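Trainee: Supplied in structure tokens, the structure appears directly below.
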Amino acid sequence: MSTLDEAIGQAHRSVNPLAFSRDWYRRELERVFRRSWMFVAHDSLIPSNSDYVVSYMAEDPVIVQRGRDGKIRVYLNRCRHRGNLLCVHDRGNTPAFVCSYHAWTYTDGKLTGVPSIRDFYHGEIDRSKLGLVEAKVEVYGGLIFACWDANAVSLNDYLGDGRWWLDHFLLREELGGLEVIPCQQRYIVPVNWKLPAENFGGDYFHFAATHGSVIDALAQTDDKRIAATGATTAKADKPHYFSVAANYGRGAAHGFYEVSTGQAPRNQELALAQRLGPEAVEWFHERERLLNEKLKALPQRPYSFHVANIFPNFALVGAGSAFYGKGLIVHHPRGPNRTEAWVWCAVEKNAPAIVKKQQRFVLMQRQAAAGLVAPDDHENFERISETIDTGVGRHVPFHYEMAIGHDDDDPLPKEWKDRPNWPGKIGPRVSEINQRDFYRHWNTLMETGDEE
Amino acid sequence: MRNDTISTELLREVEAFLYREARMLEDNRFDDWLKCFTDDVRYWMPIQESTDGSSGSGTESDTFALFDEDKKSLELRVLRIKTGAAHAEVPPSTTQRLITNVTVEPAVVDDSLRVHSNFLVYQERRGQHGVTFFGKRDDVFKQIQGDFKIAERRVDLAQKILPTTISIFF
Numbered sequence: 001m002s003t004l005d006e007a008i009g010q011a012h013r014s015v016n017p018l019a020f021s022r023d024w025y026r027r028e029l030e031r032v033f034r035r036s037w038m039f040v041a042h043d044s045l046i047p048s049n050s051d052y053v054v055s056y057m058a059e060d061p062v063i064v065q066r067g068r069d070g071k072i073r074v075y076l077n078r079c080r081h082r083g084n085l086l087c088v089h090d091r092g093n094t095p096a097f098v099c100s101y102h103a104w105t106y107t108d109g110k111l112t113g114v115p116s117i118r119d120f121y122h123g124e125i126d127r128s129k130l131g132l133v134e135a136k137v138e139v140y141g142g143l144i145f146a147c148w149d150a151n152a153v154s155l156n157d158y159l160g161d162g163r164w165w166l167d168h169f170l171l172r173e174e175l176g177g178l179e180v181i182p183c184q185q186r187y188i189v190p191v192n193w194k195l196p197a198e199n200f201g202g203d204y205f206h207f208a209a210t211h212g213s214v215i216d217a218l219a220q221t222d223d224k225r226i227a228a229t230g231a232t233t234a235k236a237d238k239p240h241y242f243s244v245a246a247n248y249g250r251g252a253a254h255g256f257y258e259v260s261t262g263q264a265p266r267n268q269e270l271a272l273a274q275r276l277g278p279e280a281v282e283w284f285h286e287r288e289r290l291l292n293e294k295l296k297a298l299p300q301r302p303y304s305f306h307v308a309n310i311f312p313n314f315a316l317v318g319a320g321s322a323f324y325g326k327g328l329i330v331h332h333p334r335g336p337n338r339t340e341a342w343v344w345c346a347v348e349k350n351a352p353a354i355v356k357k358q359q360r361f362v363l364m365q366r367q368a369a370a371g372l373v374a375p376d377d378h379e380n381f382e383r384i385s386e387t388i389d390t391g392v393g394r395h396v397p398f399h400y401e402m403a404i405g406h407d408d409d410d411p412l413p414k415e416w417k418d419r420p421n422w423p424g425k426i427g428p429r430v431s432e433i434n435q436r437d438f439y440r441h442w443n444t445l446m447e448t449g450d451e452e
Numbered sequence: 001m002r003n004d005t006i007s008t009e010l011l012r013e014v015e016a017f018l019y020r021e022a023r024m025l026e027d028n029r030f031d032d033w034l035k036c037f038t039d040d041v042r043y044w045m046p047i048q049e050s051t052d053g054s055s056g057s058g059t060e061s062d063t064f065a066l067f068d069e070d071k072k073s074l075e076l077r078v079l080r081i082k083t084g085a086a087h088a089e090v091p092p093s094t095t096q097r098l099i100t101n102v103t104v105e106p107a108v109v110d111d112s113l114r115v116h117s118n119f120l121v122y123q124e125r126r127g128q129h130g131v132t133f134f135g136k137r138d139d140v141f142k143q144i145q146g147d148f149k150i151a152e153r154r155v156d157l158a159q160k161i162l163p164t165t166i167s168i169f170f
């Protein structure tokens, strides 16, 4: 046991407990979210000129639109006149947004219409300075990212080591890439956004304790169509698993985990493909062949990663299986102890219809709003939140020190003669290296900056 | 009124079935609840979406949904709760269910019934967190050996942003 003083006095080398407090929340919006690249939408949702979807960058509503020139732009969803919300639909197609308050009108972000501009304003208004507030935009493999900071590094540099993992195991452009199916799930979790972010970024540790009921239930069902998907139960040939800290010790900290190797994940996937029929089997073999070809020079090709977090709040799930929809999840902050999760389902564009159907189903059934997995995480987060910002509780640090003296141990099996040179820092399957690095970058942002 | 073709007695029977079903869920009698459905049931919850212009709405099967289940996957959900380790239901949620606005129409194609109902479901967790779901259901009822079975249930929540993740049934 510890006295309160002892608990508070324990070295919290990684994370100050006030990181989760209302005191620091506003500063976080300024220093973390205003300076980071954030995922806002997928380009398959806006294929035609003037198509748009609405989204959020932290608390700020934005419009993501493909302009009349085909270029994707991201605007603050806010009229420059009185700050009224400009677009009230989830998605649609329009060349111009007309404000419902005084009918200021914007086309491709430019202020193109002010009612009776000569009579009321005597023509003395510089419309060129009153366009919508526009974020920087870059698209990576269909993923649209935006950033408010004019001085931010390029998205390529920001993703850094993460690009290799995204390219090969999520985006799969050699296969035709991803398409996002319309509609996204939205749900509230009463938790600070960083807890889901660090969970998706590296917390394999929680799987057994938090999600044991799923493993147990899957073991009892006779429905093999929905047997455990991905690497989680593949034990047959002792596959190896790892975590990856992208940009470790420098730059934006992106975490990937459940990186699988060996034949077992493939065998398990092939069995799932066989249940879906010859079309799925053929597609699966082609999917493997194309990636093997691309990575043939690499010893120990990973089968995939399964879960990831792109700093700060863009989570990924489902990459570990060809038959699991790719969950593109944003944990929007809604206060120090409140998060609004948005879940999009991406499917592999050139997959047979039967595979796409399965991908959609499996994502819904697992790490999604009403899945078998997310509600148990939610429950834990809700329990954590009860004392995260209380008078005493808020001063007692969490423990992020798992195997902290062993961060530089080599986790790769000794019997691997050819050492793969995978990008990023490779850690063991169960590790808190990624979480520590997440807060390393978060601290750097919080300690610098002159906004507020 | 299409309802003219349904007798008051049949309407009452359908309502009584819905109330019994709601009671099963309030009492956590999930195995009994599963028996309310045909083996080929589709039990699903689309996502509400507001669109303008040419984009579609969230009513088609090929859009993403909150869940889209069949009998086997519903059984898996029940198996999971029964492990006793599904934390979202440990201890079990308390739910109170108000089922209202029931209308019954004969289906066009066969002797099944189209049953519409509204609901308000209050869910309480550990005496700490209470959330309320509002919505409506469109069911297809089949009459099998003198009893009703639900062959399709579409649940439309009024809320676009769920107040919590879903670990209960509707």
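If you're matching them up, the sequences are chains A and B in order.
Note that my numbering numbers the first sequence so that position 379 is 379, with each residue one more than the last.
Note that my numbering numbers the second sequence so that position 32 is 32, with each residue one more than the last.
Backbone N, C-alpha and C fix where the C-beta goes; we use that ideal spot for every residue, glycine too.
A quick note: this is a predicted structure, and the numbers were derived from the prediction, not measured.
1) If I follow the unbroken beta strand (DSSP E) through E134 of chain A, where does it start and stop?
2) I388 of chain A touches chain B at which residues, Cβ-Cβ below 9 Å?
3) Using a Cβ-Cβ cutoff of 8 Å, what residues of the segment 38–51 of chain B are near chain A? List them in chain order.
4) Find the residues of chain B that neighbour G162 of chain A, judging by a C-beta separation of less than 7 Å, and give them in chain order.
5) What is the DSSP secondary structure of R73 of chain A, reduced to helix, strand or coil?
6) Could you tell me whether any Cβ in chain A is nearer than 7 Å to the Cβ of E152 of chain B?
7) When the cut-off is 7 Å and only beta carbons count, does L195 of chain A lie next to chain B?
8) For Y106 of chain A and F30 of chain B, I'd like the C-alpha separation in whole angstroms.
9) Pull up the distance between the alpha-carbon of D40 of chain B and that of D108 of chain A, whole angstroms please.
10) Does the separation of the CB atoms of V139 of chain A and Y400 of chain A fall below 7 Å?
11) Excluding sequence positions up to five away, which residues of its chain have a Cβ less than 7 Å from the Cβ of L298 of chain A?
12) Please list the segments of the alpha helix (DSSP H) lying wholly inside the segment 260–302 of chain A, counting only runs of 4 or more residues, in order along the chain.
13) Please confirm whether M57 of chain A has its beta-carbon closer than 7 Å to some beta-carbon of chain B.
14) For a cutoff of 7 Å on Cβ pairs, would you count T165 of chain B as touching chain A?
15) Excluding sequence positions up to five away, which residues of its chain have a Cβ less than 7 Å from the Cβ of G277 of chain A?
16) If we cut at 7 Å on Cβ distances, does S14 of chain A have a partner in chain B?
17) Q435 of chain A lies in the alpha helix (DSSP H); which residues open and close that run?
18) Below 6 Å CB to CB, which residues in the same chain sit around L86 of chain A once its five sequence neighbours on both sides are set aside?
19) So T83 of chain B contacts chain A; which residues on that side make the cut at Cβ distance below 7 Å?
20) For the candidate residues A:D389, A:N380, A:G427, A:F381, whose alpha-carbon lies nearest to that of M402 of chain A?
21) Could you tell me which whole beta strand (DSSP E) segments of length 3 or greater appear in the segment 102–156 of chain B?
22) Given a cut-off of 7 Å, decide if T261 of chain A and H240 of chain A are closer than it, judged by their beta-carbon atoms.
23) Indicate whether at least one CB of chain B lies closer than 7 Å to the CB of G67 of chain A.
24) DSSP on I388 of chain A, reduced to helix/strand/coil?
25) Just to make sure I have the definition right: I need the residues of chain B whose C-beta is within less than 7 Å of the C-beta of F361 of chain A. Which are they?
26) Please compile the residues from chain A whose C-beta is within a distance smaller than 7 Å of the C-beta of A65 of chain B.
Mentor: This is what the structure holds:
1) Segment 134–140, the beta strand (DSSP E) holding E134 of chain A.
2) Here the premise fails: no neighbours, minimum Cβ distance about 14 Å.
3) Hits within the stretch, in order: M45, P46, I47, E49, S50, T51.
4) Chain order gives no chain B residues near G162 of chain A, where near means a beta carbon separation below 7 Å; the closest approach is about 25 Å.
5) In the structure shown, R73 of chain A sits in a strand (DSSP, three-state: E or B).
6) It does not; no Cβ of chain A falls within 7 Å.
7) Closer than 7 Å: no.
8) Taking the straight line joining both Cα atoms gives about 54 Å.
9) Approximately 49 Å between the Cα atoms of the pair.
10) In this structure, Y400 of chain A does not lie closer than 7 Å to V139 of chain A by Cβ.
11) For L298 of chain A, where only same-chain residues beyond five positions count, the Cβ hits under 7 Å are P420.
12) Counting whole runs of 4 or more residues, the segment 260–302 of chain A contains the alpha helix (DSSP H) stretches 264–276, 278–294.
13) By this cut-off, M57 of chain A is not an interface position.
14) Chain A contact via Cβ: present.
15) Within the same chain, G277 of chain A has close Cβ partners I354.
16) Between S14 of chain A and chain B, the shortest Cβ-Cβ separation is not below 7 Å.
17) Start and end: 433–447.
18) For L86 of chain A, the CB contacts under 6 Å within the same chain, skipping 5 residues up- and downstream, are N77, C79, F97, C99 in chain order.
19) S213, D216, A217, listed in chain order.
20) Answer by Cα proximity: A:G427.
21) As far as the segment 102–156 of chain B is concerned, its whole beta strand (DSSP E) runs of at least 3 residues are 113–125, 129–144.
22) With a cutoff of 7 Å on beta-carbon distance, H240 of chain A and T261 of chain A are scored as near each other.
23) Proximity of G67 of chain A to chain B, defined by a Cβ-Cβ separation below 7 Å, is not satisfied.
24) Residue state, collapsed to three classes: coil.
25) Contacts between F361 of chain A and chain B, judged by CB atoms closer than 7 Å, involve D68 in chain order.
26) Per Cβ cutoff of 7 Å: M364.
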